[in-house]
Each structure stands twice: as structure tokens, then as C-alpha cells.
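Engineer: Here's a structure for you.
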Amino acid sequence: MGDRAVPDASPVLEFHDVRMHFGGVTALKGVSSRIPKGIIQSVIGPNGAGKTTLLNCISGLLTPSSGSVVFRGEAVQGKPPHEIARRGLSRTFQHVALFPRMSVWENVMVGRHARTRAGFWAAGFRLPFMRAEERRIREDAERWLEFVGLHPEKDLPAGALPLGKQKILEIARALATDPVLILLDEPAGGLNTRETEELGDLLKKIQAKGVTVVLVEHDMNLVMDISDRVLVLHFGQVLACGSPSEIKDNPEVIQAYLGEDWAEAGGGLTGNSLSGDREDTPC
Amino acid sequence: MSSREKTAFVGLTVFLAVFPWVSALSRSFSHYVDVMIFAGIFSLVTIGLSLLMGFAGQISLAQAAFFGIGAYGSGILTGHFHWNPWAAMLAGVCVAAAVAWVVGVPALRLKGHYLAMATLGFGVIVHIVMNEEVDWTGGPSGLGGIPGIRLAGRKISGDAAWFYLVWAFVLAAFLFSRHVLHSRVGRALRAIHDDEKAAEAMGVPVSSLKVQVFVYSAVLAAVAGSLYAHYVSFLSPGSFDLMWSIRFVLMVVFGGMQSLWGALVGTVLLTFVGNEWLQVFADFEILVYGGILLVMALFVPQGLVVWMDAFFRRRSRLQPTPSDGGS
Amino acid sequence: MADIFHGAAWLQYALGGLTIGAIYALVALGYNIIYNVTEIINFAQGEFVMLGGLFGVFYYQTCGLPLGPALLAAVATVALVGLLLERYVIRRARHATVLSMIIVTIAFSILLKGGAMLAWGKDPYRLPPFSRSGAFLWHGVAVQPQALWVLGIGAVVVGALTVFFRTSFYGKAMLACADNADAARLTGIPVRTMVLLSFGLSAAVGAVAGVSICPITLMEYDRGALLGLKGFGAAVLGGLGQFYGALVAGIVLGLAESFCAGYVSSGYKDAVALVLLMLALFFKPEGLFGSKEAAGLKRF
């Protein structure tokens, strides 16, 4: 923890030739990638490119029609989401999926579920170990709220928070599961510029804790600003993969996704363009 | 517990402690103890159902079946086989738990209307079995001669003794359930109610927890059934039909699904309505229940307890305060 | 004679099964109509059947109408009950949770049951068969003309509903409401009217089942729940929303029940359809004729 994790070569998450059909529609047509530990990996692509489907296939909400998903050396495709979460993979949702009637604090406490064990009996009889565990759950949850800066709102119902804070709360809840890798589905959607900047800082802080971040995002400033690697999906296939600067210069990507205007502007959306000294791992 | 809830709990305990004495003072009230015994027995069922419906968000129209399994389990084992009533209760509870697990694992994969229909179908099947297995259950003509219960070497007899026995069970179940709700398990249940997908993604084993709470509700219903069997000493299938399952749902909805207090209040009030005031208009009973259920579901979906709570809070907020800007 | 009768017992059971199966199919159609438009399961569906039979008795015996008009009046009255259910109950609960919606229709069903008990008491009632001719013998099987009526009516209703939903403007508009109510509204379909119509139509179909079966099995106030549950079994087994599926599944349930009553135990005949319902729900909730993917897109 603490110091910035150096991306290492052994992948924490690999998916190979993942395909997903819904009836006659093919959402993913064989997507492969290896994601090294400790990086911020963005997944971009136009609407309908299959980004969310890919996240759902990784986190277990969907079982891919074919292909494999290997997380920390174990094939996880077809396993229920709660088991995948237990192995250290957590996520947020594109459309905020908090527990709106529970308090902010309780939302994060639910994130501790996979790391604690008191069941019906222990809880009903308030066994000593359960009480100690409950105390730890509360403290851990508070720590995560402090980490993301939501501690002052901890007793409000989650549904009463403004959208920006709900998105942050989702991240705190996901972090509370002690993830090795966290999937974020459009966390900047609906945020204003300042909130997006704060989100970028938060993501860097998360990376600094050694957590691998996989980010699906439309906000190109954010993506180009913080990503170590960018994977571009187009019609359910990988169009390109590489460092942000490579992606910005890739003519196919510019053509297919970013558009001519963007190319003409010299890719100048990100002023503090990324340095080329990052180690680029092959996709 | 919050201090408010602690006060309420102490108040309830004191109320229960003196209830048989106070009602014994007047002849016209003395049979209220009997009604309260039934209310206590039904409360055991509705406490479990409240966990399942109000907190985990899963409906069951089969609670009367589990109530019946507990009752007939006790009745048959003590009547036919002369078991000790406590052993029979334990056996009935185990059977109910096993049945709930076998039915719950596939059923709780279903949602909403499908789950309601599956539990409804299961409840009706159990009711048919009670009617048909005449050798065991006595069929429609009933099962009689169920012995009483002995506790610490003494027979529980008289309304007051039964009252304390039943309500001791209720308070224990209430506390146990309350502790569960204020734990990791309870939070996970409420999370399931709010957003199943998100709960699952946060590592909550949704299906397994749903089955656990279903089994728990079945266990409480079976305990209630066993107490019922020994208290009334005669069982007939009519006490365990679909209408009873609906009554239990009504009791929970009436008091308020999202609070254990709601289950208690709803059950006691409706038991009094059913046992006392509707005896006069027996034929109106279904209509009254249907009407209450409809009105509650349409206009007071949060139930009586939460509604009154909000009402009194609003009242107290309406008291003029200097800082209040009006409006 | 007894021997002949015995030899043809299975045929007799099969005919009985077909008849009651057609009734289950009609009840299932009632569920399907509302489900196709609103994706709601109406727990009061069985009560419409009960009311159909009892209102038929009311118009025929109490009011002294001729049989034909009495039956039509009964169906119309129950359709009106369906309209009232939608207009004054379902519409109010439109934004309620699924749980509340279930409770609301259950509440309405016990109100109907209680009302019927007050109005008609607890006795069973009978309507005369639709045609006067008596039972006749066919291959050693005693055939009641009413059974043929039931089968015919079942087939006609299934066919008519299929044509209605596939080809007529109203039918297609009603289906559009279930697919995407907002989109339907944008294209100018009066969604509320369509939902209202679906409840009326569904209640009418239920009432048709009630008046058709009343001459054979009689009708009393508390028959609704079981008829509704078995009809739901047929609807699920046939694939919710599928009209022909409902017909086939209804007949399968009817035959299973009839053979169970004949060869196994008459006491458990009611359980057969329910066990099949539960097996269908547990292992094939998309039904025999529904597609799994389509079921996955539904809200359940």
C-alpha cells in the first residue's frame, strides 16, 4: 500500500475470445485481453460497442456464450457473481445501483459481507465473535467513507444523495469488499467537471493502494488523463489497445470512434498528454 | 436498540406480565387472555413472515402450510406415538425446515408473481394432503386427543400459564429476529430487497440467503403450529388453508411489513378483530379482511406502525418552533 | 354393459379430462391477456370464473331470462367487474411494487369471494346444459353434449383471440403496450384504454369458462382460487402469453387430473395440476412452448 504500484507483467485478469449472443444479436464477437496487476485500464467505445456486456461477463452477471475469463489464475466464467466478488473482483454499475433505503454507512457495510462470516445463529444469539465482527464492519466501512470523502453524509439514506455522491458511494461500497480489481462502469456519467476531476484523483488514490482499475468511460479527458492502457471496443470487437497516446494517434480509432473533428484538433483534448515512458504491455 | 425501541420493548414486557392479572379482574375481559394466546401463536408466524416479506422482499403464501406441518407433526407424534411434546415440536420443526429448504431452493429462484403462485400451489398441496391422509391426520373430521405440554415437570394448564409460555416464545423470537436484522445478515436481506443484482455483485449469496430466511420463517411457523396443537388439542385442515396464509400476509401488511413491531401490532389487532368482533358477523369476515388488505395495500402500503409513527412525528413537528420558517 | 363401460373407462376419463382441460385453458387465456398487455398476473382471475357461473345462475333463474341472453348478460357483468378492477384498483396501484400489486389482486379476489358468499350463500348452483339433447353413447362412452360445447367454446375463443391479437388494430396495439408502454404511448396508442380493455376481455373470457362449466360441475362461491391456480398452471406450462400453448397445456393438465382421479386417487386429483404447476415453475418457467430467451427478458 502507499507507494505507487508498478505494473507487473503477470495479468490479474485475462479474458480470451469472449463471445456473447442475445438471441440473434451478438454483443461480443470474441474479445481478448490481458490486464496486468495494478494498472488503470480503460475500455472505451461508442454506445452499443459491448462495454457493459463485457463487464457483466467478467463480474458474473452474464455467462459468456463462449470464451474464458481468468481472474487471478482461475477460470471464473459461469461462476455466480457473489463468488467472483469473494475472489476479489468488485464493480459499480452504469445506472447507480445502491440500496437506496439503507443509509450511506450501511451501503458500505454491505460491501463487507464477503469478508465477514456471522450467520443467522451467531447474529440471533449475538455471540461474542459476531459483536466484535460487527464493530470491525462498522469501523472498516467508516474508513472507506473517509477515504472517498463521504463520511459527513454517513447517516443519510443513500437514495437522498445527489447523483455525483451516489456514484462515489458506489465506489466506496465496491472498495469495502477488499477488491484486487475493481470494474467501474461509467463512473463520471452525470458528473460535472469539478466532480470528474475529483473522481480522477480518487481513481489514482485507488490505484496507489494496489487495486487494479478497469474503467468503462465516455469522458475522454478523464480516460486519457489517468489510464495506463486503453482498450477500444467497436461492434463487439477489439479495435485497438495501447497507451493513451497510441490510441489517440491510431487512425482507425480516430476514424471509427473519436471522429475527424477530434483528429483535426490534434487530439488536443488532453492538454497534459500522457508521457510515453509508461511500459506498454501487449494486449 | 435505540432508546425509543428499548422503552417500547420494556413497555411490551410489562404489559404482557400484567395482562392476565388485569384481565382477570373483570369477567367481561377474562377471555381476552385466550385471544392473546392465539395472537401470540400467530405472531410467531408473522414475525418470520415479516423477515421474509418486509426485509428480504419475498412473498410467501404458504405460511399456513408450515404452521400446519408443525401442528400435525406435534399432533401425530404425541397422539399416535406418545412422544414427549417437546421432542415432537423439535421433530415437526425439523420436518418443516427440511420441506421449506426443498421447496425454497427452486422456488426462491423465482420472482414476484411466480414465487407467489409457487408458494400458493405448495400451500394448497399441503392442505390437500392434510385432508386426504386420513389415517394420520384424521382428514376433514380432524385430529383430536392431543395431550398438553409439561414444562419443568408441571403441566401447563390454565390460560395464564399458556399465555406466559406462548409469549415467552414470541419475545424470544422477536429478540432473535431483531438481532438478525441488525447484523450483517439483516443488512444483506435489506440489500436484496433494494437491489438484488447489486447485492450479489457485492458478495452477498442472494439465493442462499433467501432460502435461509424462508427456512427461518418456516421454523417459526412450525413452532407456532406445535404450540397451537397442544393448546387447542384438536386440529382440522380448515385451520391451515389458503385463507389462513392470506390472513398471515394481511397481519404483516396491516401492521407494517418493514418493522417487526408492525408484525406484532398487526397480528394482535387482527386476531382481536377476527376472534372478537367478527364472530358476530362471521359471514362478513372475508369481506372485511379483503377490504382491509385492499385499503392497506393501496393507501397505507407502509403499514399501521410506520404510518402512525410518521403521523405523530408530523404532529410534533407542527408545533411552532422559533427556527421554523413556516410554510 | 358394465364390461363395455369398464373397457372404455380410459376413454371416458379422457373425455372428462379434455372437458375440464378446456376450462383450464380458458382460465389460462384470461391470465395471458392481462399478462400480454401489462405483465401483471391477476390473482383474481379464478374469481371471474366463479362469478361467471353464479351470475349465469342469477340471470337465468332469478331474473328468468332465457338461457342465451342470461349467459351473455353474465359474461358482460363479469367483464364490467374486470373493468372496475382495473379502473379503480389496478390503476391506483400502477406505480406500486410487484409485492403490493400481488397483495392488491389477492385482496380483490377475496373481496369477490366474500361478496359472492353473501349474495349466493355457500350452496352450489347449476345451470342447464346449453343444448337440450341428453347424453349419448359413443364407443361405450357416455358423452354429455355440454362437454362438446365446452371443447368447442374453448377452441373458438383461442382461435378468436389469436386472430384478434395478431391481426386487428386493437389487438396489436394492446401487445405493443406490454413490449414498451412508453413507446406505445408515443405512437399514439391510448395505453390506459388498452390496459382497461385487457382486464375487461380477460374477465369476459373467465366468465365464459364459468358459464360453460357450470352445467357440468356446478359452481359455488369458493371455487375460484383452485380454478385460478390450475389455470395459472396451464398458463405457465404453455408459456405465459402463448394462446395455443395455454390450450395444449390446459388439456394436458385436465387429462392428467382426470386419469389420476380415475386410476390413482380422486382425493389427490386437485394436487396433480398443482404439482405439475410447481414442476413447471421450478424447472421450466418459460413453459413448454415459450422461448427461454423471451422469458429472460420479462420482468419476472
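Residue numbers (my numbering), protein chains in the order written: chain A, 1 to 283; chain B, 1001 to 1327; chain C, 2001 to 2300.
For every residue, glycine included, the Cβ atom is placed at its ideal position computed from N, Cα and C.
Which residues in chain A have a C-beta closer than 9 Å to the C-beta of B:D976? List them in chain order.
Structural biologist: An answer regarding residue 976 of chain B cannot be provided, because it is not within the stretch 1001 to 1327 covered by chain B.
Engineer: Mind checking which residues open and close the alpha helix (DSSP H) that includes A:P179?
Structural biologist: Mapped onto the first sequence, residue 179 of chain A falls at position 179. Here A:P179 belongs to no alpha helix (DSSP H), and DSSP marks it neither H nor E.
Engineer: According to DSSP, is B:T1119 helix, strand or coil?
Structural biologist: In the second sequence, residue 1119 of chain B corresponds to position 119, counting from 1. It is helical.
Engineer: Got a sec? Which residues, its chain only, sit under 8 Å from C:A2135 by beta carbon, not counting five neighbours each side?
Structural biologist: Position 135 of the third sequence, counting from 1, holds the residue named residue 2135 of chain C. The residues are A2142, V2143, Q2144 and P2145.
Engineer: Between B:P1106 and chain A, is the shortest Cβ-Cβ distance under 7 Å, so that the two count as touching?
Structural biologist: Position 106 of the second sequence, counted from the start, is the residue given in the question as residue 1106 of chain B. So, not an interface residue.
Engineer: DSSP on A:S307, reduced to helix/strand/coil?
Structural biologist: In this structure chain A extends from 1 to 283, so residue 307 of chain A is not present and cannot be described.
Engineer: Would you mind stating whether C:A2044 and C:T2105 have Cβ atoms separated by less than 7 Å?
Structural biologist: Within the third sequence, the letter at position 44 stands for residue 2044 of chain C. Within the third sequence, the letter at position 105 stands for residue 2105 of chain C. Closer than 7 Å, so yes.
Engineer: Give me the chain B residues within the contact set of C:S2198, using Cβ-Cβ distance strictly less than 7 Å, ordered along the chain.
Structural biologist: Translated into positions along the third sequence, residue 2198 of chain C becomes position 198. Residues of chain B passing the Cβ test: none, with the nearest at roughly 16 Å.
Engineer: Of all Cβ atoms in chain B, is any one closer than 7 Å to the Cβ of A:F99?
Structural biologist: Within the first sequence, numbered from 1, the residue matching residue 99 of chain A stands at position 99. Closer than 7 Å to some Cβ of chain B, the Cβ of A:F99 qualifies, so yes.
Engineer: Would you say C:L2099 faces chain B, with C-beta separation under 7 Å as the test?
Structural biologist: Here residue 2099 of chain C refers to the residue found at position 99 of the third sequence. So yes, C:L2099 belongs to the interface.
Engineer: Can you tell me the Cα-Cα spacing of C:L2127 and C:Q2061, whole angstroms?
Structural biologist: If you number the third sequence from 1, residue 2127 of chain C lands on position 127. If you number the third sequence from 1, residue 2061 of chain C lands on position 61. Rounded to the nearest angstrom, the two C-alpha atoms are 8 Å apart.
Engineer: Roughly how far, in whole angstroms, is the beta-carbon of C:A2234 from the beta-carbon of C:A2014, given that I think they are within contact range, below 8 Å?
Structural biologist: For the purposes of this step, residue 2234 of chain C is taken as the residue at position 234 of the third sequence. For the purposes of this step, residue 2014 of chain C is taken as the residue at position 14 of the third sequence. With 8 Å as the limit, C:A2234 and C:A2014 do not qualify as a contact, their Cβ atoms being about 17 Å apart.
Engineer: Taking any Cβ of chain C, which residues in the segment 1120-1144 of chain B have a Cβ under 8 Å from it, in chain order?
Structural biologist: Going along the segment 1120-1144 of chain B in chain order, one finds L1120, G1121, F1122, V1124, I1125, I1128, V1129, N1131 and E1132 with a Cβ nearer than 8 Å to chain C.
Engineer: Closer than 8 Å by C-beta to C:L2226: which residues in its own chain qualify, once you throw out the five before and the five after it? Chain order, please.
Structural biologist: Start at 1 with the first residue of the third sequence, and residue 2226 of chain C comes out as number 226. Excluding residues within five positions, the ones whose Cβ falls inside 8 Å are G2046 and D2270.
Engineer: Output, in chain order, the set of chain A residues within a Cβ distance shorter than 9 Å of B:K1197.
Structural biologist: Looking up residue 1197 of chain B in the second sequence gives position 197. What B:K1197 touches in chain A: L61, P81, F93 and A97.
Engineer: Run through chain C and tell me which residues come within less than 7 Å of B:R1291, C-beta to C-beta.
Structural biologist: Position 291 of the second sequence, counted from the start, is the residue given in the question as residue 1291 of chain B. A small fix is needed here, since residue 1291 of chain B is Gly in this sequence, not Arg. Near B:G1291 (Cβ distances below 7 Å), the residues of chain C are L2111.
Engineer: In three-state terms, what does DSSP make of C:A2028?
Structural biologist: Here residue 2028 of chain C is taken as the residue at index 28 of the third sequence, counted from 1. Residue state, collapsed to three classes: helix.
Engineer: Would you mind giving the Cβ-Cβ distance between A:V76 and A:R87, rounded to the nearest angstrom? I have them listed as a contact below 8 Å.
Structural biologist: Position 76 of the first sequence, counting from 1, holds the residue named residue 76 of chain A. Position 87 of the first sequence, counting from 1, holds the residue named residue 87 of chain A. With 8 Å as the limit, A:V76 and A:R87 qualify as a contact, their Cβ atoms being about 7 Å apart.
Engineer: Which of the residues in the segment 115-133 of chain A, read from start to end, lie with their CB under 7 Å from any CB of chain B?
Structural biologist: Listed in sequence order: T116, A118, G119, F120, A123, G124, R126 and M130.
Engineer: Have a look at B:E1276, B:E1285 and B:V1253 and flag the residue whose alpha-carbon is nearest the alpha-carbon of B:V1035.
Structural biologist: Locating residue 1035 of chain B in the second sequence gives position 35, where the first residue counts as 1. It is B:E1276.
Engineer: If contact means a Cβ-Cβ distance below 7 Å, which residues of the segment 170-183 of chain A contact chain B?
Structural biologist: Those would be R173 and T177, in chain order.
Engineer: So what does A:I35 bridge to, in DSSP terms?
Structural biologist: Mapped onto the first sequence, residue 35 of chain A falls at position 35. Its beta-bridge partners are A:L13.
Engineer: Quick check on A:M20: does DSSP put it in helix, strand or coil?
Structural biologist: Against the first sequence, residue 20 of chain A aligns to sequence position 20. If DSSP states are grouped into helix, strand and coil, A:M20 belongs with the strands.
Engineer: Would you mind giving the Cβ-Cβ distance between A:W144 and A:A176, rounded to the nearest angstrom? I have them listed as a contact below 8 Å.
Structural biologist: For the purposes of this step, residue 144 of chain A is taken as residue 144 along the first sequence, with counting starting at 1. For the purposes of this step, residue 176 of chain A is taken as residue 176 along the first sequence, with counting starting at 1. Confirmed, about 5 Å.
Engineer: With DSSP as the reference, label C:K2113 as helix, strand or coil.
Structural biologist: Taking the first residue of the third sequence as 1, we reach residue 2113 of chain C at position 113. In this structure, C:K2113 counts as helix in the three-state DSSP scheme.
Engineer: Helix, strand or coil: which one does DSSP assign to A:Q41?
Structural biologist: As a first step, residue 41 of chain A is located in the first sequence; it is residue number 41 there, counting from the start. A:Q41 falls in the strand class under three-state DSSP.
Engineer: What residue from A:S33, A:F15, A:V12 and A:I44 has the CA that sits closest to A:H234's CA?
Structural biologist: Position 234 of the first sequence, counted from the first residue, corresponds to residue 234 of chain A. The shortest Cα separation from A:H234 among A:S33, A:F15, A:V12 and A:I44 belongs to A:I44.
Engineer: Name the one or two DSSP bridge partners that C:T2019 has.
Structural biologist: Along the third sequence, one-based indexing puts residue 2019 of chain C at 19. Answer is none; C:T2019 lacks a bridge partner.
Engineer: State the CB to CB distance for the pair B:A1221 and B:F1067, rounded to an integer number of angstroms; the pair is presumed to be in contact (CB under 8 Å).
Structural biologist: As a working mapping, residue 1221 of chain B is identified with position 221 in the second sequence. As a working mapping, residue 1067 of chain B is identified with position 67 in the second sequence. With a Cβ gap of about 5 Å, B:A1221 and B:F1067 count as contacting.
Engineer: Does the beta-carbon of B:Q1258 have 16 or more other beta-carbons within 10 angstroms, so that it is buried, or is it exposed?
Structural biologist: Here the question's residue 1258 of chain B lines up with position 258 in the second sequence. B:Q1258 should be labelled buried.
Engineer: What does A:G111 touch in chain B if you count any residue whose Cβ is under 9 Å from its own?
Structural biologist: Reading the first sequence from its first residue, position 111 is the one you call residue 111 of chain A. Going along chain B in sequence order, the residues near A:G111 (Cβ under 9 Å) are M1202 and G1203.
Engineer: Does the beta carbon of C:L2051 come closer than 7 Å to any beta carbon on chain B?
Structural biologist: Position 51 of the third sequence, counted from the first residue, corresponds to residue 2051 of chain C. Cβ-Cβ to chain B under 7 Å: no for C:L2051.
Engineer: If you measure from the beta carbon of C:V2104 to each beta carbon in chain B, is any gap under 7 Å?
Structural biologist: Within the third sequence, residue 2104 of chain C is the residue found at index 104, counting from 1. Closer than 7 Å: yes.
Engineer: Once you ignore the five residues that flank A:G30 on each side, which residues in its own chain have a CB closer than 6 Å to its CB?
Structural biologist: Translated into the one-based positions of the first sequence, residue 30 of chain A becomes position 30. The answer, listed in chain order, is D17 and R19.
Engineer: Check whether the segment 1239-1246 of chain B and the segment 1080-1090 of chain B touch, using three or more Cβ-Cβ pairs below 8 Å as the test.
Structural biologist: With a cut-off of 8 Å, the segment 1080-1090 of chain B and the segment 1239-1246 of chain B do not count as touching, because too few Cβ pairs lie within range.
Engineer: Taking 7 Å as the limit between beta carbons, can you name the residues of its chain near C:R2223, skipping five residues before and five after?
Structural biologist: By one-based count along the third sequence, residue 2223 of chain C stands at place 223. Counting only Cβ-Cβ distances below 7 Å, and skipping sequence neighbours, we find M2050.
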